[in-house]
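Heads up, the thing below is written out as structure tokens.
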Amino acid sequence: MTEHLDIAGNTIAYDVAGQGPLVVLAHGIGDSRHSYRFLAPALAAEGYRVANVDIRGCGDSSLGWDGYSRTDIAGDLVAVVRHLGGPAVIIGQSISGGAATIAAATAPEVIAGIVELAPFTRAQSFDLGGLVRVKRFRAGYTQMALVIMRGKLGNWTKYLDVALPTKPADWGSELARIEAKLSEPGRMEVLRAMCKTSPTDAGEQLAGVKCPVLIIEGSADPDWADPRAEGEKIIADLPRDLGELAVITDAGHYPHVQMPDQVLALTLPFLDRTLAHA
Numbered sequence: 001m002t003e004h005l006d007i008a009g010n011t012i013a014y015d016v017a018g019q020g021p022l023v024v025l026a027h028g029i030g031d032s033r034h035s036y037r038f039l040a041p042a043l044a045a046e047g048y049r050v051a052n053v054d055i056r057g058c059g060d061s062s063l064g065w066d067g068y069s070r071t072d073i074a075g076d077l078v079a080v081v082r083h084l085g086g087p088a089v090i091i092g093q094s095i096s097g098g099a100a101t102i103a104a105a106t107a108p109e110v111i112a113g114i115v116e117l118a119p120f121t122r123a124q125s126f127d128l129g130g131l132v133r134v135k136r137f138r139a140g141y142t143q144m145a146l147v148i149m150r151g152k153l154g155n156w157t158k159y160l161d162v163a164l165p166t167k168p169a170d171w172g173s174e175l176a177r178i179e180a181k182l183s184e185p186g187r188m189e190v191l192r193a194m195c196k197t198s199p200t201d202a203g204e205q206l207a208g209v210k211c212p213v214l215i216i217e218g219s220a221d222p223d224w225a226d227p228r229a230e231g232e233k234i235i236a237d238l239p240r241d242l243g244e245l246a247v248i249t250d251a252g253h254y255p256h257v258q259m260p261d262q263v264l265a266l267t268l269p270f271l272d273r274t275l276a277h278a
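In our numbering, the protein residues as written are 1 to 278.
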């Protein structure tokens, strides 16, 4: 059953399943908690209490927020953890990976660890060489630029086609669900607003993180010419020996959708270590 948390007159929607230490799931832009439809039940079955969140402006959460930065999203996630009773590990994908970094740095008393899936957690520089060399990066970059400029749903679905190099069996119905949600008034505007935000706020908080961090990248992610290098840069900006990096071969920007079993296999040992004494 979907629950709603009121935050300054707006609402965050979330589902809770399972019993045990708390894990909070946060999706990327243009998506919803349904992005974790494979990972959430698997984590609950492994003995975790899983709160699957629609970040502000997405899914069943309300529209009309004052901002859509990673700092804004981080505040919402911390509010969910405090409401449900932490400590918790946050698993955040894309923009929510950066938000998880900020949450960990600003609320260390309730955030025991973070897992970042294909995260935008550092300021990005223009990679002309990568655009020339790497076809998938060029294709993804082009469609995202068109989304920002035009706000057309068709460009977003073309990006998703590149971002998921292989599709899950339910992709037809899932894509229809995404298209229906983004066709609601105001939802594409939120997507564009999030696209225009900078990860600088998250990058500035990396040095202040004190909890363990797991970064999971997909080798075929179209958002970077070299996803491994991006993950390594995040690790390098964290305090020494705090972060670890895993790269899933042939996964795109949604490893938890494309290869949930591999994400689960990487995540469970991290959760067991991180939450065992939290």
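Every residue, glycine too, gets a C-beta built ideally from N, C-alpha and C. Keep in mind the model is a prediction, meaning the values are calculated, not measured.
Grouping DSSP H, G and I as helix and E and B as strand, with all else coil, what is residue i?
i: I12; result: strand
i: H83; result: helix
i: A88; result: strand
i: Q93; result: strand
i: G218; result: strand
i: L63; result: coil
i: D6; result: strand
i: E184; result: coil
i: E46; result: coil
i: I111; result: strand
i: L175; result: helix
i: L22; result: strand
i: L131; result: helix
i: L238; result: coil
i: V209; result: coil
i: L146; result: helix
Determine the contact status of residue i and residue j, defining contact as a CB-CB distance below 8 Å.
i: G154; j: P119; result: no
i: I216; j: L117; result: yes
i: V162; j: G140; result: yes
i: V53; j: V24; result: yes
i: A88; j: V110; result: yes
i: V213; j: L63; result: no
i: A17; j: A42; result: no
i: V147; j: C211; result: no
i: T121; j: T101; result: yes
i: V115; j: I12; result: no
i: P185; j: A123; result: no
i: D315; j: I178; result: Outside the shown range of the chain (1 to 278) lies residue 315, about which nothing can therefore be said.
i: L264; j: Y48; result: no
Let me confirm a value: residue i is counted as buried when at least 16 other C-beta atoms fall within 10 Å, else exposed. Which label applies?
i: S69; result: buried
i: T2; result: exposed
i: F126; result: exposed
i: S96; result: buried
i: G85; result: exposed
i: T166; result: exposed
i: A19; result: The sequence shown places Gln at residue 19, rather than the Ala named in the question. The residue in question, Q19, is exposed, as its Cβ has fewer than 16 Cβ neighbours within 10 Å.
i: M281; result: Missing from the structure shown is residue 281; the chain here goes from 1 to 278 and no further.
i: L238; result: buried
i: R240; result: exposed
i: V132; result: exposed
i: S94; result: buried
i: L182; result: buried
i: L39; result: buried
i: A276; result: exposed
i: L128; result: exposed
i: A180; result: exposed
i: P269; result: exposed
Check the C-beta distance from residue i over to residue j and give it rounded, since I have them as a contact under 8 Å.
i: T274; j: G113; result: 4 Å
i: V134; j: A229; result: Between A229 and V134 the Cβ distance is about 12 Å, and since that is not below 8 Å, they are no contact.
i: P168; j: V50; result: In fact, because the Cβ distance is near 19 Å, the residues do not count as touching under 8 Å.
Query raised in the report: Are three or more beta carbon pairs between the segment 57-71 and the segment 30-39 nearer than 8 Å?
Result: yes
Count Cβ pairs between the segment 229-249 and the segment 8-23 that sit closer than 8 Å; are there 3 or more? no
Point to revise | Any 3 or more C-beta pairs closer than 8 Å across the segment 210-227 and the segment 251-258 | key: yes
The segment 198-214 / the segment 92-107 touching (three or more Cβ pairs under 8 Å):
yes
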